[in-house]
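These notes concern the structure reproduced below.
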Amino acid sequence: PPRLPFPDAPDHRPKPSSLPSAASRMTQVSLRRVAADSRRRAGSTCRRMLPFLFLLHLGLLLHLASRFRRPATVPPAMPRSDLPETVVGRPPPLTKAPPEPSLRAFLRPNESFSILEYPSVTWSAACSGSPGGVLPSLLPTDDPPCDRDPYLPWIHDLFPAPDGAGGSAVYIVAQNRRRCDTGPGNVEEMRAREPQLALFQSVSLRREGKKFVLTDVDGADEDARHTRFLCRFHGPRGESVVVPSRFPVPYEYVHYRKKFQHVFFEEAGKADRDNIWLSTLVFSCPAPAGFDFGEELYLDLIPIRLPARPRSYNVSRRTGRGDGRNTMGESDMWDPVAEHGRWTVDPRDPGLARWENLPVCGVHGPSEDEAAPRPDAARPFELTACTWAAASYQNRGQDDPLSAWSDGRRRLREWISLHLLVGFEHLYVYDNSRGAVNVPPDEGKGGQLTLKDVAEEFPSSRVTYIDWPAKVCNNNRNFDKNPAERSSQYAAEADCRWRYGRYTEWMGSFDVDEYIFPTNKKFKNMKEVLRDLDAMQAGTTPLEAVTFKSSRAMARVEFMEPFYNRWSCNHQVEYPCLAPRADPPYLQTFNCNSHQSWEKKQSEPRSFLRASKQIYRPAAVLARFVHYSVVKTRMVQTFHKNANRPWPRDWFLNPFGTETVASERFHAALLHTKDTKPKYTLNRARACGRIKSGPGECAVGFPWPGNMAKEEEGAEERPGNEEGFAYNCLGHPRLEEEWIPKLGEVMRGMEERRGGTREGSEGGRGRRLREMVPSSVLQNFTA
Numbered sequence: 001p002p003r004l005p006f007p008d009a010p011d012h013r014p015k016p017s018s019l020p021s022a023a024s025r026m027t028q029v030s031l032r033r034v035a036a037d038s039r040r041r042a043g044s045t046c047r048r049m050l051p052f053l054f055l056l057h058l059g060l061l062l063h064l065a066s067r068f069r070r071p072a073t074v075p076p077a078m079p080r081s082d083l084p085e086t087v088v089g090r091p092p093p094l095t096k097a098p099p100e101p102s103l104r105a106f107l108r109p110n111e112s113f114s115i116l117e118y119p120s121v122t123w124s125a126a127c128s129g130s131p132g133g134v135l136p137s138l139l140p141t142d143d144p145p146c147d148r149d150p151y152l153p154w155i156h157d158l159f160p161a162p163d164g165a166g167g168s169a170v171y172i173v174a175q176n177r178r179r180c181d182t183g184p185g186n187v188e189e190m191r192a193r194e195p196q197l198a199l200f201q202s203v204s205l206r207r208e209g210k211k212f213v214l215t216d217v218d219g220a221d222e223d224a225r226h227t228r229f230l231c232r233f234h235g236p237r238g239e240s241v242v243v244p245s246r247f248p249v250p251y252e253y254v255h256y257r258k259k260f261q262h263v264f265f266e267e268a269g270k271a272d273r274d275n276i277w278l279s280t281l282v283f284s285c286p287a288p289a290g291f292d293f294g295e296e297l298y299l300d301l302i303p304i305r306l307p308a309r310p311r312s313y314n315v316s317r318r319t320g321r322g323d324g325r326n327t328m329g330e331s332d333m334w335d336p337v338a339e340h341g342r343w344t345v346d347p348r349d350p351g352l353a354r355w356e357n358l359p360v361c362g363v364h365g366p367s368e369d370e371a372a373p374r375p376d377a378a379r380p381f382e383l384t385a386c387t388w389a390a391a392s393y394q395n396r397g398q399d400d401p402l403s404a405w406s407d408g409r410r411r412l413r414e415w416i417s418l419h420l421l422v423g424f425e426h427l428y429v430y431d432n433s434r435g436a437v438n439v440p441p442d443e444g445k446g447g448q449l450t451l452k453d454v455a456e457e458f459p460s461s462r463v464t465y466i467d468w469p470a471k472v473c474n475n476n477r478n479f480d481k482n483p484a485e486r487s488s489q490y491a492a493e494a495d496c497r498w499r500y501g502r503y504t505e506w507m508g509s510f511d512v513d514e515y516i517f518p519t520n521k522k523f524k525n526m527k528e529v530l531r532d533l534d535a536m537q538a539g540t541t542p543l544e545a546v547t548f549k550s551s552r553a554m555a556r557v558e559f560m561e562p563f564y565n566r567w568s569c570n571h572q573v574e575y576p577c578l579a580p581r582a583d584p585p586y587l588q589t590f591n592c593n594s595h596q597s598w599e600k601k602q603s604e605p606r607s608f609l610r611a612s613k614q615i616y617r618p619a620a621v622l623a624r625f626v627h628y629s630v631v632k633t634r635m636v637q638t639f640h641k642n643a644n645r646p647w648p649r650d651w652f653l654n655p656f657g658t659e660t661v662a663s664e665r666f667h668a669a670l671l672h673t674k675d676t677k678p679k680y681t682l683n684r685a686r687a688c689g690r691i692k693s694g695p696g697e698c699a700v701g702f703p704w705p706g707n708m709a710k711e712e713e714g715a716e717e718r719p720g721n722e723e724g725f726a727y728n729c730l731g732h733p734r735l736e737e738e739w740i741p742k743l744g745e746v747m748r749g750m751e752e753r754r755g756g757t758r759e760g761s762e763g764g765r766g767r768r769l770r771e772m773v774p775s776s777v778l779q780n781f782t783a
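Mapping of the sequence shown onto the UniProt record's numbering: position 709 corresponds to residue 709, and the numbering continues sequentially without gaps.
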């Protein structure tokens with residue numbers, strides 16, 4: 001009988017008789033026989049099924065093992081935390097529309113896993129408000145995810161544009177985070193950031209179904225021979241296409257040609273900062289057919305997580321036959337299979353490190369009004385320029401708020417006006433005001449001033465404004481143990497070249513204290529200067545870049561006034577500090593170059609090139625670094641384009657005849673009007689005297705009479721004025737006669753349109769004080 005549920009419960013079941021009948025005994029015997037037969041048959045069936053059960057369990061174990069087996073470099077799958085939980089077989093309940101996708105960064109440092117959310121970076125926020133969108137102002141450039149996972153690119157901007165081959169692509173502009181902190185004191189940082197250099201090196205992939213497999217160049221797919229990222233385009237409804245990225249600048253190949261006797265990068269703690277072509281990373285994602293850049297579109301970037309190669313190069317099919325050496329002269333190039341075996345990546349794996357939901361805005365090109373001057377030309381513009389500027393800023397090596405300059409708005413207004421006068425057809429202003437280093441906000445106007453309203457004083461057909469708040473990652477001096485890396489400036493210049501360079505024949509990149517203008521009266525504007533220089537080009541090689549030498553100009557003493565403060569310029573001195581007045585334009589105040597610099601520029605071909613600037617052809621120059629065109633199209637030509645002659649590595653390092661230096665006497669000049677702190681004018685009695693008696697250079701300009709230098713060699717005294725100051729500079733005559741009067745007319749007209757107010761019109765002393773110190777300090781001093 002069955003057990004009772006509780007041992008002490010009363011038993012109400014009927015009691016069987018103590019002496020069963022004969023019939024009941026036979027029934028029990030029959031039941032026992034039936035039970036024995038059933039057990040015997042069941043045992044026989046189980047013994048027959050044992051092999052089948054063994055195979056079933058073995059197959060199940062192998063299936064589970066295959067699901068959890070992954071290559072060493074690919075992280076295990078992680079559950080999607082953002083997917084709603086639903087009952088299997090039952091449709092999800094009706095809810096409101098899902099939220100708009102926002103930017104996310106998936107990180108895998110040291111095999112851990114984390115997700116960074118950026119809810120304010122959405123497609124509607126990034127792609128509205130201005131032509132081309134405002135994505136650079138929203139990206140997390142100051143606290144980037146690459147500080148936690150260095151395989152993610154440090155993105156500053158991305159935009160769609162024609163790829164030059166009849167299609168379109170999304171171009172990504174990023175910076176090399178490893179260059180931000182270098183030198184002996186940053187060994188650990190440099191070692192941790194080595195993957196940032198790996199992103200400049202290409203790998204080769206081939207498709208196997210939905211996966212990508214690492215291979216050599218010969219075994220790779222045509223569009224994946226030299227790639228580094230998997231680009232996943234997708235819309236808001238989940239449809240997606242995956243394509244390999246491309247390098248418009250083959251950085252590894254360029255480095256191989258420039259410095260084939262050196263490794264790709266130095267060990268941590270050693271300076272490889274002269275590899276300036278590895279500062280900015282530009283790559284593209286080819287747009288799949290059928291995607292419309294005018295609609296809501298997103299991009300995911302999945303980096304190929306392979307370590308940096310300091311010695312071996314993936315440059316096959318570029319160098320030609322018989323040139324299979326690496327940087328150390330060894331015969332073996334990079335062998336991906338030997339180093340990594342069968343390495344695969346599945347872009348569907350949700351546990352991969354990646355950028356997700358990067359908004360892709362529409363193409364921003366010239367409007368119909370802008371293209372009117374050159375309707376039949378291949379490019380709408382003949383001459384344009386870019387500038388990276390801020391309302392307030394600091395020079396290299398300055399981190400004290402009291403040392404900040406706040407004249408950026410006035411300088412930009414004057415810079416735009418002058419360059420439109422001398423023939424530039426369009427100007428692009430990258431405003432770094434919100435990223436200026438340690439600059440205090442303007443307390444009197446409720447927030448830090450920007451350059452937006454200044455740029456909007458000009459027609460949008462002539463000036464394009466880009467909010468660019470990315471901070472400079474290292475503002476030290478160049479000779480510091482941890483030298484400067486002005487990352488924001490370098491990225492802005494590359495962004496301007498790749499975003500807008502395709503629409504112009506010539507392009508320049510200048511600071512707002514640099515003015516370029518024709519000096520020879522036979523040229524009405526800078527376009528005529530460039531046409532003349534191009535016509536002078538020898539042979540069939542086209543001119544690719546024009547260099548304009550520069551030396552720092554000095555403020556002319558007649559346009560300066562006394563300046564006082566309690567820190568470094570007190571009033572109890574015979575010669576007080578001087579500061580430029582507020583009323584004359586900077587162009588006039590600083591029209592005073594050292595006469596020695598005039599002579600050196602003409603007599604020494606290599607002089608003053610370190611501070612020079614260029615106007616270049618974007619179609620011929622692929623990468624620039626402030627003063628230099630570091631990568632040209634001729635440098636990236638491969639063996640196949642030179643098959644009729646040997647392939648020397650350095651054949652196109654410096655192509656003869658593709659660059660020229662403009663003559664200040666016969667063509668044009670670049671005037672550098674960088675200001676000087678008033679405290680550096682305090683020693684002018686010794687530094688600027690006719691007999692120099694003190695240390696330092698003279699920071700005040702004393703023009704030669706008649707603009708003619710007559711200094712005699714070997715004379716004990718230098719010619720000078722009655723006050724004992726030596727003449728030391730010469731001006732540009734055409735500036736005084738033509739360009740400064742024209743600039744004055746333009747500036748007065750703009751002042752009238754603003755209601756009669758002038759930037760800094762309260763007087764030189766007040767203006768300079770407000771430029772140098774916060775208003776809270778001024779309140780204690782003005783009394």
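For each residue, glycine too, the CB sits at the ideal point set by N, CA and C. Note that this is a predicted model, so its numbers are computed, not measured.
field: Contacting residues, own chain, Cβ-Cβ under 7 Å from PRO71 (five flanking each side not counted)
entry: Confidence at PRO71 is low in this model, with a pLDDT of 43, below 50, so the placement of that residue should be treated as unreliable; the coordinate-derived value is given next. Residues TRP343, THR344 of the same chain have their beta carbon placed closer than 7 Å to that of PRO71, with the five preceding and five following residues left out of the count.
message: Residues in the same chain with beta-carbon distance under 6 Å from ARG499, minus the five sequence neighbours each way, listed in chain order, please.
response: Only PHE159 meet the Cβ criterion.
message: Mapping the DSSP letters down to three states, classify VAL87 as helix, strand or coil.
response: With a pLDDT of only 39 at VAL87, under the threshold of 50, the placement of this residue in the model should not be trusted; the figure read from the coordinates follows. In this structure, VAL87 counts as coil in the three-state DSSP scheme.
query: Looking at the unbroken beta strand (DSSP E) that takes in LEU671, where does it start and where does it end?
result: 668-672
query: At which residue ranges does the region 295-321 contain complete beta strand (DSSP E) runs of 3 or more residues, listed in the order of the chain?
result: Those beta strand (DSSP E) runs which fall completely within the region 295-321 and span 3+ residues are 298-303.
- prompt: Quick one: is GLY209 buried, meaning 16 or more other Cβ sit within 10 Å of its Cβ, or exposed?
  reply: Its Cβ having fewer than 16 others within 10 Å, GLY209 is exposed.
query: Can you name the start and end residues of the alpha helix (DSSP H) that MET747 belongs to?
result: It spans 740-753 - the alpha helix (DSSP H) in which MET747 sits, taken as one unbroken run.
- prompt: Can you pull the DSSP bridge partners for TRP405?
  reply: DSSP lists TYR393 as partners of TRP405.
task: Spatial neighbours of GLU425 within its chain, please: CB distance less than 7 Å, with the 5 preceding and 5 following residues excluded, ordered by chain position.
output: PRO373, PHE381, GLU382, LEU383, THR384
- prompt: Touch check for the region 696-716 and the region 543-552: three-plus C-beta pairs under 8 Å?
  reply: no
message: Tell me the rounded alpha-carbon separation between PRO119 and HIS234.
response: 18 Å
message: Please tell me whether ARG228 and PHE247 are closer than 9 Å, where the distance is taken between their beta carbons.
response: Taking 9 Å as the Cβ cut-off, ARG228 and PHE247 qualify as a contacting pair.
- prompt: For the candidate residues ARG33, ALA174, LEU421, whose alpha-carbon lies nearest to that of ALA470?
  reply: ALA174
- prompt: Closest to PRO101 by CA distance: which of PRO136, ARG108, ASP147, PRO236 is it?
  reply: PRO236
- request: Return the residue from the list TRP567, GLY701, ASN525 that minimises the CA-CA distance to GLN596.
  value: GLY701
message: Judging by CA-CA distance, which residue of HIS255, ALA669, ASN721, LYS452 is the nearest neighbour of GLN201?
response: Out of HIS255, ALA669, ASN721, LYS452, HIS255 has the C-alpha closest to the C-alpha of GLN201.
- prompt: Hey, LEU135 and ASP149 are a contact pair by Cβ (cut 8 Å); roughly how many whole angstroms apart?
  reply: Not a contact, Cβ separation roughly 21 Å.
In DSSP terms, what CYS285 is bridged to: VAL170
message: Quick check: the Cα distance between GLY744 and PRO585, rounded to an integer number of angstroms?
response: 8 Å
- request: State the Cα-Cα distance for the pair GLY731 and THR519, rounded to the nearest angstrom.
  value: 11 Å
- request: On the DSSP bridge assignment, give the partners of GLY689 in chain order.
  value: PHE725
- prompt: For the beta strand (DSSP E) that TRP123 lies in, which residues bound it at each end?
  reply: Here TRP123 belongs to no beta strand (DSSP E); instead the alpha helix (DSSP H) covers 123-126.
message: Three or more C-beta pairs under 8 Å: does that hold for the region 121-138 against the region 471-483?
response: Not touching, per the Cβ criterion.
message: Give the list of continuous beta strand (DSSP E) stretches no shorter than 3 residues that lie fully inside the region 461-515.
response: 463-467, 504-509
- prompt: From SER568 to THR676, what does the alpha carbon distance come to, in whole angstroms?
  reply: 14 Å
- prompt: What three-state label does DSSP hand CYS386 in the structure shown?
  reply: strand
- request: Could you check what DSSP says for GLU414 in three-state terms: helix, strand or coil?
  value: If DSSP states are grouped into helix, strand and coil, GLU414 belongs with the helices.
- prompt: In this structure, does DSSP put THR660 in helix, strand or coil?
  reply: strand
message: Counting C-beta neighbours from all protein chains within 10 Å, is the total for LYS452 16 or more, i.e. buried, or is it exposed?
response: exposed
field: Nearest candidate by alpha-carbon position, reference CYS285, set ASP300, ARG178, VAL170, ARG348
entry: VAL170
message: As a quick exercise: from ASN591, GLU722, ARG410, pick the residue whose alpha carbon is nearest that of ASN707.
response: ASN591
Per-residue DSSP class, three states only, for TRP277: helix
query: Taking the beta strand (DSSP E) that LYS613 falls in, what are its first and last residues?
result: 613-616
field: Cβ distance (whole Å) where VAL529 is taken to contact PRO336 below 8 Å
entry: 50 Å between Cβ atoms; not a contact.
message: Whole angstroms are fine: how far does the CA of TRP405 sit from the CA of PRO366?
response: A straight line joining the alpha-carbon of PRO366 with that of TRP405 spans about 34 Å.
query: Are there 16 or more other CB atoms within 10 angstroms of the CB of GLN196, so buried, or fewer, so exposed?
result: buried
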